[in-house]
Structure formats: C-alpha cells, structure tokens
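These protein sequence lines map, in sequence, to chains X and Z.
Residue numbering for the first sequence follows this note's numbering, beginning at 1 and increasing consecutively.
Residue numbering for the second sequence follows this note's numbering, beginning at 1 and increasing consecutively.
2 protein chains.
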Amino acid sequence: MVYLNGEFLAKNQASISVMDRGFLFGDGVYEVIPVYKGSIFRLQEHLQRLQNSLDAIGIKNPHTNQQWQDIFSQLLTHDLAPNQSLYLQITRGADTQRKHSFESLTATVFVELNPLTPKSKHELNQGFSAITQADFRWQRCDIKATSLLANIMYSQQAKQNQVEEVILHRDQSITEGATSNVFIVKNNTLFTHPTGPNILSGITRDLVLESAIACQLPIQETAPTLDELLSADEVWISSSTREVMPITQVDSQPINQGKIGTHWSNVYDYYQSLKNA
Amino acid sequence: MVYLNGEFLAKNQASISVMDRGFLFGDGVYEVIPVYKGSIFRLQEHLQRLQNSLDAIGIKNPHTNQQWQDIFSQLLTHDLAPNQSLYLQITRGADTQRKHSFESLTATVFVELNPLTPKSKHELNQGFSAITQADFRWQRCDIKATSLLANIMYSQQAKQNQVEEVILHRDQSITEGATSNVFIVKNNTLFTHPTGPNILSGITRDLVLESAIACQLPIQETAPTLDELLSADEVWISSSTREVMPITQVDSQPINQGKIGTHWSNVYDYYQSLKNA
C-alpha cells in the first residue's frame with residue numbers, strides 16, 4: 001500500500017505521467033523518516049527540512065503538517081512492522097509539454113513505507129569499510145533533491161568495492177558520504193563539515209551532535225581534511241536509516257588499527273536512548 | 001502519439017511506475033534531435049552521444065541504431081509537421097524497492113515529438129539577452145542526464161529576468177549556458193570551452209565549429225573568462241533547438257554596442273546550408 005496524490009493503492013498500481021517533471025528532470029525533493037515502534041522519529045524536523053527543500057526550488061508545500069501526519073498515520077495502520085522508514089517525494093507535477101522553466105502546476109505526492117532494520121550494536125561493533133572519492137556533485141547539496149545521479153554513481157562504486165560508503169572530499173576537505181554525513185574523532189574532539197551548500201543538513205547529523213554534547217565529547221563543525229580522516233582516532237557515518245555507524249577502514253587502511261572507538265560506543269548508546277525517549 | 005516501452009500510445013495514456021528510477025533518482029539520460037522537413041538531422045552523432053551517456057552511467061543501450069531509427073520513423077509518420085524535435089529518454093527502469101545502488105533492470109524508453117520552430121534570421125537579427133551566474137552544477141556535465149534540477153533553477157532565473165539564457169562560469173571561466181553552449185568572438189577568433197567534464201559536448205556546438213572553419217573564422221577551444229565575455233566582439237549560444245543565436249546584451253551591458261556581428265551572420269548562413277544539405 002502506497003500513497004499517491006490523494007489515493008491509497010497497491011504499489012504496482014501506482015503510476016505517474018511520463019510528463020511528470022520528476023521523471024523528465026529530477027525536479028523534486030524527498031525525505032526519509034524513521035518510524036520506531038509505530039512512532040515517527042523527529043517528524044517536525046523532517047517536515048521543516050522538507051519545507052526548506054521545497055522553498056529552495058520554488059514548489060509550494062501541497063500539505064499542512066497535520067495533513068502530512070494524517071497521510072503517514074493512514075499508511076502506518078496498514079503496515080504493523082515494528083520499525084519502518086517513511087519515504088516521501090514531492091515533484092513539481094506534470095506539464096503538457098517538456099520545457100525547463102515552469103509555471104504553477106499541481107505537485108505530485110508519493111509516500112511509501114519500507115522495512116527498517118537498524119543494525120544491532122553487536123553487528124555495528126564489527127566495523128565497516130569506506131573508500132574516498134573526489135566530490136563531483138552539485139553545490140546545492142543542502143537541497144534534498146531527487147536529481148540524484150551523482151549519488152547513484154557513488155553508491156554503485158561502494159557496492160562494486162564491497163564497502164559501506166563512499167566518503168567525498170572537495171578541495172581536500174571531507175564534505176559527507178554519498179548517502180550519509182561523516183564525522184571524525186581526533187584528540188577527543190568530534191569534527192564534521194559545517195552546514196552550508198556542500199552538505200545535507202542531516203537530521204541524524206544533528207542528533208549525533210546532540211548526543212556527543214550529552215556525552216561530553218566536544219564538537220567542532222570544521223571539515224576534516226582527507227589526511228585527518230585517514231589518521232583519525234574514530235570515523236563515523238550517520239543517516240536516518242543507518243543511525244550512527246563506525247567506519248574502521250578507509251581506502252583499505254585501518255582507522256586506529258581497526259578498533260571501534262569508545263566515543264562511538266557512548267554516542268551510539270545515547271542515540272538509542274533518544275529513539276526510545 | 002508517443003512511444004513508451006514498445007508501444008505507441010496517446011501522451012495522456014503514457015504512464016510509468018512510481019518505482020521507475022527516472023522518477024525516484026533522475027537516473028536516466030536523454031537526447032533532443034531536430035527533424036527538418038521530415039529528415040532527422042545528425043542522427044548518428046546523437047546516437048553516438050546517447051551511447052556515451054549510457055556507458056557513463058552503466059545502462060545497456062536497449063536498442064540498436066536501426067531499432068532507434070524504426071521507432072523514430074514510426075512516430076514521424078503520425079506527425080507531418082515540417083520541423084520537429086525528437087525527445088528520447090532512457091531510464092534505468094523500475095526496481096521493486098527504492099535503493100541507490102542498482103542491479104540489471106529493464107530500461108524504460110520514452111520518445112516523443114515536439115514542434116520545432118527555429119527563429120528566422122530576421123528574428124535572430126534583433127539580438128538576445130543573457131545574465132551570468134556561478135556554475136553550481138555537478139562536474140559530469142558531459143553526461144546528458146535527466147538529473148537536471150540545477151538547469152531547471154537557472155532556466156527559471158532566465159525566465160524571471162526575461163532573458164534568453166543564463167551563462168555559467170566556474171572559477172571565472174565561462175563553461176556553457178543552462179541549456180546551450182557558449183561562444184565568443186574576439187579579434188576575429190572564435191573561443192569556446194573545450195570538451196570535458198564541465199560541459200556537454202553539443203552536436204550543435206560541433207556544427208558551429210565546423211561552420212566557423214568553413215567561414216575561415218579561426219577557432220580556439222579555450223574557455224573565455226567572464227571579463228572576456230563582457231568585452232567580446234560577439235557572443236553566441238547554440239543548441240539543437242535554438243541553432244546558433246546572437247547574444248547582444250549580458251548582465252544588462254551591451255556586447256559590442258548591441259550590434260549583431262558579421263561572423264555570426266556568416267556562420268548562421270553556413271549552418272542553414274548544412275541543414276538543407
């Protein structure tokens with residue numbers, strides 16, 4: 001069961017016009033929101049970020065926050081899995097003819113649920129690998145847009161290299177991962193790229209920073225360099241579906257001899273407590 | 001009448017799954033090919049560029065060149081307008097679930113015809129305006145991809161500023177327009193950004209260079225700076241639907257006192273002779 005433009009219908013019945021600007025131009029935005037034990041996690045923050053993305057590309061929000069909540073609630077009553085991930089996408093809608101510039105159109109709204117199975121601490125304690133690549137994405141990564149081909153190309157590289165993530169650097173500064181934010185711990189301080197046009201302002205990124213502060217780990221929103229990444233004491237990635245995950249190998253080199261860091265363990269535990277709050 | 005995945009059907013009947021990766025990720029490529037008096041212009045060059053785009057993102061070409069020609073021919077028999085523009089889009093296809101990385105899927109193929117009404121020389125002789133903007137697009141502009149949100153944003157700016165095009169510069173070098181290639185004439189030499197990852201290798205760009213050579217205008221594939229653009233003797237933009245168009249005002253400043261250049265006139269005439277060859 002998915003939601004499409006006012007209707008709840010089977011996924012294989014859900015179709016859109018070839019004239020939809022989402023299909024023709026990647027002209028849309030999206031959100032991925034975790035649902036734990038039936039409760040939508042940090043909904044207001046996700047809806048605020050959605051609004052920011054819509055404002056940045058000039059699409060009027062088709063729903064009030066209450067209407068969004070009603071759509072999500074109705075979908076959730078159909079699917080009783082304990083943990084789920086809400087995917088919602090808004091595109092500018094379908095025009096009669098393909099042209100780059102746009103008039104006011106009726107936005108397309110698509111929402112679906114996907115299974116969410118966060119890894120256990122035991123699984124995370126094994127550590128994960130990443131590779132690094134130059135960041136060739138556009139410079140409006142603060143917009144959570146569906147024009148995602150660059151991210152697709154990096155994610156496929158991750159898969160081909162059998163690693164969890166591709167960590168990106170622009171002019172030697174670490175920006176973020178293809179589908180995550182990136183953090184390093186060095187000398188008992190947590191470093192991450194500041195918010196701005198070159199990274200997505202992750203809701204989970206904020207939660208990790210909040211957790212670090214609660215764990216008395218000082219934070220500094222300064223982009224680490226590639227060298228600092230490779231010589232870090234700890235490297236983490238975060239996303240709403242991965243939560244906070246320890247990276248113990250980058251470009252085939254172990255980080256801190258491949259050991260899981262104590263700061264990660266503390267922050268992970270605090271993050272879990274936020275989920276269950 | 002449009003073509004979608006093996007069928008010829010009415011445009012308002014043509015729909016795709018919400019799971020199509022073109023819709024979810026802008027995971028596709030496209031071509032726009034002019035048709036003059038029923039004859040497809042530079043078809044082999046467009047099909048070669050299509051192949052290059054497909055190769056760059058790892059989609060297998062679903063058709064041989066002969067099959068493409070058959071699809072185009074069948075569409076053209078339904079629409080007898082003298083000049084048309086063939087739009088063709090290939091996406092990676094629909095998966096059962098949204099995930100960034102991909103397996104082998106059945107590609108989605110969409111082809112349609114749009115009316116093409118190239119401006120007359122009389123109309124072009126009035127000159128056109130442009131504005132300049134920093135180029136924040138990705139650095140794989142050589143791939144003719146459907147992840148076009150940056151181009152959409154620029155095209156909307158052009159519309160709001162009532163100009164023909166937004167000319168982009170990266171680190172002070174002119175790359176191209178939001179939907180065109182850019183040329184300047186200075187001291188009787190034609191300058192344009194060299195091919196590479198920061199521009200689309202336009203078929204019309206090649207034809208303009210070929211025309212310049214035929215008109216004994218020396219060419220130099222070196223990116224003009226922003227200052228050189230503003231102080232140029234002539235500024236042109238090219239695309240398969242606009243052909244070669246004179247820009248006589250940039251950022252509200254006249255180029256060469258707003259006069260149409262003689263080199264443009266010569267190259268325009270030669271380009272027309274190629275169309276009718």
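Ideal placement from N, C-alpha and C gives every residue a C-beta, glycine not left out.
* 7 angstroms Cβ cutoff, Asp-27 of chain Z in contact with chain X -> yes
* To do: Output yes if chain X places a C-beta closer than 7 angstroms to the C-beta of Trp-138 of chain Z; else output no.
  => yes
* **Through-space distance from Ile-143 of chain X to Val-2 of chain X, alpha-carbon basis** => 24 angstroms
* To do: Would you mind telling me which residues of chain Z sit closer than 9 angstroms to Phe-102 of chain X, beta carbon to beta carbon, in chain order?
  => Ile-152, Ser-155, Gln-156 and Lys-159
* Where does Leu-274 of chain Z land, buried or exposed, given buried means 16+ other C-beta within 10 angstroms? -> exposed
* By Cβ distance, which residues of its chain are closer than 8 angstroms to Tyr-271 of chain Z, with the 5 residues on each side in sequence left out? -> Leu-207, Val-208, Ser-211, Glu-243 and Val-244
* Asked: Would you call the stretch 40-52 of chain Z and the stretch 36-44 of chain X touching, i.e. three or more CB-CB distances under 8 angstroms?
  -> no
* To do: Can you give me the Cβ contacts of Pro-82 of chain Z inside the same chain, cut-off strictly under 8 angstroms, excluding the 5 residues immediately before and after it?
  => Tyr-36, Lys-37 and Gly-38
* Roughly how many whole angstroms lie between the Cα atoms of Thr-225 of chain X and Val-32 of chain X? -> 29 angstroms
* Taking Cβ-Cβ distances shorter than 9 angstroms, what residues in chain Z pair up with Ala-14 of chain X? -> Ser-17, Val-18 and Met-19
* Establish whether the CB of Phe-110 of chain Z and some CB of chain X are separated by less than 7 angstroms. => yes
* Thr-64 of chain Z CB to nearest chain X CB: under 7 angstroms? -> no
* Asked: Between the C-alpha atoms of Arg-92 of chain Z and Asp-27 of chain Z, what's the straight-line distance to the nearest angstrom?
  -> 6 angstroms
* To do: Check the Cβ-Cβ distances between Ala-81 of chain X and every residue of chain Z, and say whether any is below 7 angstroms.
  => no
* Tyr-154 of chain Z and Val-163 of chain Z: beta carbons closer than 7 angstroms? -> no
* Asked: Using the rule of at least 16 other Cβ atoms within 10 Å of the residue's Cβ for burial, across every protein chain shown, is Asn-326 of chain Z buried or exposed?
  -> Within the shown structure, residues of chain Z are numbered from 1 to 277, placing residue 326 of chain Z beyond reach of any answer.
* Asked: Are any of the Cβ atoms in chain Z nearer than 7 angstroms to that of Thr-117 of chain X?
  -> no
* Asked: How is the beta strand (DSSP E) around Leu-9 of chain X delimited, first residue to last?
  -> 7-9
* Using a Cβ-Cβ cut-off of less than 8 angstroms, give me the residues of the stretch 120-134 of chain X that come near chain Z, in sequence order. => none
* Can you find a C-beta in chain Z that's less than 7 angstroms from the C-beta of Phe-72 of chain X? -> no
* **Neighbour flag for Leu-50 of chain Z against chain X, beta carbons, 7 angstroms** => no
* With DSSP as the reference, label Gly-258 of chain X as helix, strand or coil. => helix
* Is the CB of Gly-22 of chain Z under 7 angstroms away from at least one CB in chain X? -> yes
* Inter-residue CB distance, Gln-249 of chain Z and Ser-129 of chain Z (contact presumed, cutoff 8 angstroms) -> 4 angstroms
* Bounding residues of the alpha helix (DSSP H) (the contiguous stretch that carries Val-208 of chain Z) -> 203-214
* Asked: Taking DSSP as the reference, what is the three-state secondary structure of Arg-170 of chain Z?
  -> strand
* Of the residues X:Leu-148, X:Ile-174 and X:Gly-258, which one's Cα is nearest the Cα of Trp-138 of chain Z? -> X:Leu-148
* DSSP on Gln-139 of chain Z, reduced to helix/strand/coil? -> coil
* To do: Verify the CB distance criterion: does Thr-262 of chain Z have a CB-CB separation below 7 angstroms to chain X?
  => no
* Compare the beta carbon distance of Phe-183 of chain X and Thr-222 of chain X with 7 angstroms and say whether it is the shorter of the two. => no
* Asked: Taking Cβ positions only, does Leu-54 of chain X come closer than 7 angstroms to chain Z?
  -> no
* Tell me whether Asn-276 of chain X is buried or exposed, calling it buried when 16 or more other Cβ atoms sit within 10 Å of its Cβ. => exposed
* For a contact meaning CB atoms closer than 7 angstroms, what does Tyr-270 of chain X contact in chain Z? -> Residues of chain Z passing the Cβ test: none, with the nearest at roughly 28 angstroms.
* Enumerate, from N- to C-terminal direction, the unbroken alpha helix (DSSP H) stretches of 4 or more residues contained entirely within the stretch 37-101 of chain X. => 43-57 and 65-78
* To do: To the nearest angstrom, report how far apart Glu-228 of chain X and Ser-265 of chain X are at their CA atoms.
  => 21 angstroms
* To do: State the start and end residues of the unbroken alpha helix (DSSP H) segment that holds Leu-190 of chain X.
  => Not the alpha helix (DSSP H): Leu-190 of chain X falls in the beta strand (DSSP E), residues 189-192.
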